[in-house]
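Novice: Below you will find the structure I want to go over with you.
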Amino acid sequence: MAFSDDDRWRLRCEQIFEAAGDGLMVMDEEARPLAVNARLCRMLGRTREQVLAMAPADGIADLERQPMRFHLLEGQEQYSITRQLRHAEGHAIDIEATVTRIATGEILAVIRDVSDRVRTQQEQEELQRKLELAQRMESLGRLAGGVAHDFNNLLTVIMANVDLLLSRDPGSKQLHDITLASERAASLTRQLLAFSNSPSIRPQVLEVATLIREAAAMLERVLGEDYPLVLELEARPSHVMVDAGQFGQVIVNLALNARDAMPQGGSIRIETLRDEAAQQLLLAVSDGGPGVPAELRQRIFEPFFSSKPLGQGTGLGLATVFGIVRHWGGTVEVKDAALGGARFEVRCPVVESVPAHQASDDAPTTAVPLRILLVEDDAAVRGVVTRILESFGHTVYVYPGPLEVLAARATLEGTYDLLLTDVVMPEMDGPSMAAELGASNVVYMSGYPGDALARRGLELAPDRFLSKPFSPAALAEVVARAGRG
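First residue of the sequence shown? That's 11 in this note's numbering, and the numbers climb one at a time after it.
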């Protein structure tokens, strides 16, 4: 059978149409498919017959948001559009289509699958969002550290002066009220530092039930009446070596996570259980939500991982819990709660007794009178620290900054037993000044948290460091310990 030139041309066009690397579809004015090539069928996971039988609403996933635009062809030869097609398995495919009216009056769409490109772009945008979030968190941490430094200086003056006044009038209700308010302010500062990812870490041996009840008192105001707290705490006291602010942060983060799992409200259960065999304390926080799917349990503690919709969660709450608990030498995992929902279990080592060196702020301190060189750039702090030290029988030589001390160092040699200095000062930091002076017996104090100082390269021994605000008893104890060598 002989083929005419037209037949050969038609056959060649059909072969080109079928072999094209992009999906091709010829449509009528109602967007009904008249011809499709193999590439488009593979793209949609359907047979040619299935594609040809599809109505626009069956194949176009975003048709309601983005109707057909054939009218644009009245003023131009072609136009391009990005939209989503529906795969046979139900998921959407991101495509880019170039739409042209051909000589027969029908409409040709050249369709390219750009799902990988869109996914890559979305991943890049998500990484950029996370980077910006991390940068904001870092900036917030620096800001919080700076605010805390100044605020802690103020609290040092307030709390120390109130303590001095209470020694004269121990029954004053007004002074006790100021003390309580100051302690709450100091606690808020520690929480601000903790939530800004820059915690001032001060591990102490603390009683668990007391810490939980203190956190619960705050949580009841935060959560509201739709989320009642149910506490099931062991009667036997259990002690752990933790930072009080970090412990509170763990409780708060787990409770807020439980609240988010129950949008309609529900009780949040906090339990403790002593594991005698492992010498561990089990702390469990349970909710009545849908639980955590098995496929998410391996990732739920990853930084920035969140099962919430984009923009509704940072993915840092549980990651922070994981980091804190690991620092304690403990573990945290998620399980199914007995009555449904999720149960987050924290395990950390139990400490049997309170170390002798962990003294109460109210503990009496006796010490040999010392000659103390005090360097502090804040006048109010200088004044109150001087009064505290003198009340304990010490002799105090006061300087407002490193330059004044270094100018007088020729006359200072051999005249003091202890250098007590602020860490961060305008002209020079405390450790550098101490090195210039050749001082060997030094106690540092600062309103910046210890980890913020460490990031500046200032590694300070915990037993020679006072974190502001501090009580007169704490100051006297550190000085007395330094005086004993």
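All C-beta atoms, glycine included, are put in the ideal place defined by N, C-alpha and C.
Note that the structure is a prediction, hence the values are computed from the model and not measured.
1) Do the CB positions of Gly-275 and Gly-298 come within less than 7 Å of each other?
2) For Met-438, which residues in the same chain have their Cβ closer than 6 Å to its Cβ, ignoring the five residues on either side in sequence?
3) Are Val-344 and Ala-352 touching if we call contact CB-CB under 7 Å?
4) What does the alpha-carbon distance come out to for the pair Glu-400 and Ser-182?
5) DSSP three-state call for Thr-421: helix, strand or coil?
6) Between Ser-477, Gly-340, Tyr-407, which lies nearest to Asp-427 when the distance is taken from Cα to Cα?
7) Tell me whether Thr-166 sits in a helix, a strand or coil according to DSSP, three-state version.
8) From the DSSP output, in three-state form, read off Val-395 for me.
9) Mind checking whether Ile-278 and Ala-288 have CB atoms under 7 Å apart?
10) Using only CA atoms, which one of Ile-261, Val-124, Ser-442 lies nearest to Arg-432?
11) Ends of the alpha helix (DSSP H) at Met-53?
12) Is Leu-95 closer than 7 Å to Tyr-89 when the C-beta atoms are compared?
13) Among the residues of its own chain, which have a CB less than 6 Å from the CB of Asp-388, if the five just before and after it don't count?
14) Excluding five sequence neighbours on each side, which residues of the same chain lie with their C-beta closer than 7 Å to the C-beta of Arg-491?
15) Just to confirm the assignment: which complete alpha helix (DSSP H) runs, minimum length 4, are found wholly within the segment 253 to 298?
16) The alpha helix (DSSP H) that contains Ile-222, what's its start and end?
17) Tell me which residues share the same chain as Asp-270 and place their Cβ nearer than 6 Å to its Cβ, disregarding the 5 neighbours each side in the sequence.
18) Taking a contact to mean a Cβ-Cβ separation below 7 Å, would you say Pro-359 touches Gly-333 in this structure?
19) Under 8 Å: do the segment 217 to 233 and the segment 257 to 264 share three or more Cβ pairs, one atom per stretch?
20) Could you give the first and the last residue of the continuous alpha helix (DSSP H) run that contains Ala-445?
21) What do you reckon, are the CB atoms on His-404 and Pro-436 nearer than 7 Å?
22) Are the Cβ atoms of Val-331 and Asn-263 separated by less than 7 Å?
23) Does the segment 124 to 140 come close enough to the segment 53 to 67 that 3 or more CB-CB pairs lie under 8 Å?
24) Would you give the residue range spanned by the alpha helix (DSSP H) that Leu-428 belongs to?
25) Leaving aside the five residues before and after Cys-51 along the sequence, list all residues of the same chain whose C-beta is less than 7 Å from its C-beta, in chain order.
26) For Arg-20, count neighbouring Cβ atoms within 10 angstroms of its own Cβ and tell me buried if that reaches 16, exposed if not.
27) What are the partner residues of Tyr-458, as DSSP defines its beta bridges?
28) Give a yes or no on whether the C-beta atoms belonging to Val-489 and Leu-476 are separated by under 7 Å.
29) Can you have a look at Pro-9 and say buried or exposed, based on whether 16 or more other CB atoms are within 10 angstroms of its CB?
30) Less than 7 Å separating the beta-carbons of Leu-118 and Val-36?
Specialist: The structure says:
1) One-based indexing of the sequence shown puts residue 275 at position 265. One-based indexing of the sequence shown puts residue 298 at position 288. The answer is no: Cβ separation not under 7 Å.
2) Within the sequence shown, the letter at position 428 stands for residue 438. Closer than 6 Å at Cβ, skipping near neighbours: Pro-412.
3) Residue numbering aside, residue 344 sits at position 334 when the sequence shown is read from its first letter. Residue numbering aside, residue 352 sits at position 342 when the sequence shown is read from its first letter. In this structure, Ala-352 lies closer than 7 Å to Val-344 by Cβ.
4) To locate residue 400, count along the sequence shown from 1; it is residue 390. To locate residue 182, count along the sequence shown from 1; it is residue 172. Distance between the alpha carbons of Glu-400 and Ser-182 is about 24 Å.
5) The count along the sequence shown starts at 1 and reaches residue 421 at position 411. Thr-421 falls in the helix class under three-state DSSP.
6) As a position in the sequence shown, residue 427 is number 417, starting the count at 1. Asp-427 has its Cα closest to that of Tyr-407, out of Ser-477, Gly-340, Tyr-407.
7) Taking the sequence shown and counting its residues from 1, one reaches residue 166 at position 156. Correct three-state label for Thr-166: helix.
8) Looking up residue 395 in the sequence shown gives position 385. Here Val-395 sits in helix by DSSP.
9) Taking the first residue of the sequence shown as 1, we reach residue 278 at position 268. Taking the first residue of the sequence shown as 1, we reach residue 288 at position 278. Cβ distance not < 7 Å, so Ile-278 and Ala-288 don't count as in contact.
10) Residue numbering aside, residue 432 sits at position 422 when the sequence shown is read from its first letter. At residue 432 the sequence reads Asp, which differs from the Arg that was named. That would be Ser-442, whose Cα lies nearest to the Cα of Asp-432.
11) Start at 1 with the first residue of the sequence shown, and residue 53 comes out as number 43. It spans 48 to 54 - the alpha helix (DSSP H) in which Met-53 sits, taken as one unbroken run.
12) In the sequence shown, counting from the first residue as 1, residue 89 sits at position 79. In the sequence shown, counting from the first residue as 1, residue 95 sits at position 85. Contact: no.
13) As a first step, residue 388 must be located in the sequence shown, where it is residue number 378. Closer than 6 Å at the Cβ level, and outside the excluded window around Asp-388, lie Asn-163.
14) What you label residue 491 is simply residue 481 of the sequence shown in a count that begins at 1. Only Asp-473 meet the Cβ criterion.
15) 254 to 270
16) As a position in the sequence shown, residue 222 is number 212, starting the count at 1. It spans 218 to 233 - the alpha helix (DSSP H) in which Ile-222 sits, taken as one unbroken run.
17) As a working note, residue 270 is residue 260 in the sequence shown. None.
18) Position 349 of the sequence shown holds residue 359. Position 323 of the sequence shown holds residue 333. Not closer than 7 Å, so no.
19) yes
20) Residue mapping note: residue 445 aligns to position 435 of the sequence shown, counting from 1. Per DSSP, Ala-445 belongs to the alpha helix (DSSP H) from 440 to 447.
21) Position 394 of the sequence shown, counted from the start, is the residue given in the question as residue 404. Position 426 of the sequence shown, counted from the start, is the residue given in the question as residue 436. Cβ distance not < 7 Å, so His-404 and Pro-436 don't count as in contact.
22) In the sequence shown, residue 331 corresponds to position 321, counting from 1. In the sequence shown, residue 263 corresponds to position 253, counting from 1. The answer is yes: Cβ separation under 7 Å.
23) no
24) The sequence position of residue 428 within the sequence shown is 418, counting from 1. No alpha helix (DSSP H) contains Leu-428, which is instead part of the beta strand (DSSP E) from 428 to 432.
25) What you label residue 51 is simply residue 41 of the sequence shown in a count that begins at 1. Closer than 7 Å at the Cβ level, and outside the excluded window around Cys-51, lie Thr-57, Arg-58, Val-61.
26) Looking up residue 20 in the sequence shown gives position 10. Answer is exposed; the Cβ neighbour count stays below 16.
27) For this step, residue 458 is matched to residue 448 along the sequence shown. DSSP output for Tyr-458 lists no bridge partner at all.
28) The residue given as residue 489 occupies position 479 in the sequence shown. The residue given as residue 476 occupies position 466 in the sequence shown. No, these two residues do not count as a Cβ contact at 7 Å.
29) Shown here, the chain extends from 11 to 495; a query on residue 9 therefore has no answer.
30) Within the sequence shown, numbered from 1, the residue matching residue 118 stands at position 108. Within the sequence shown, numbered from 1, the residue matching residue 36 stands at position 26. In contact: Leu-118 and Val-36 (Cβ atoms closer than 7 Å).
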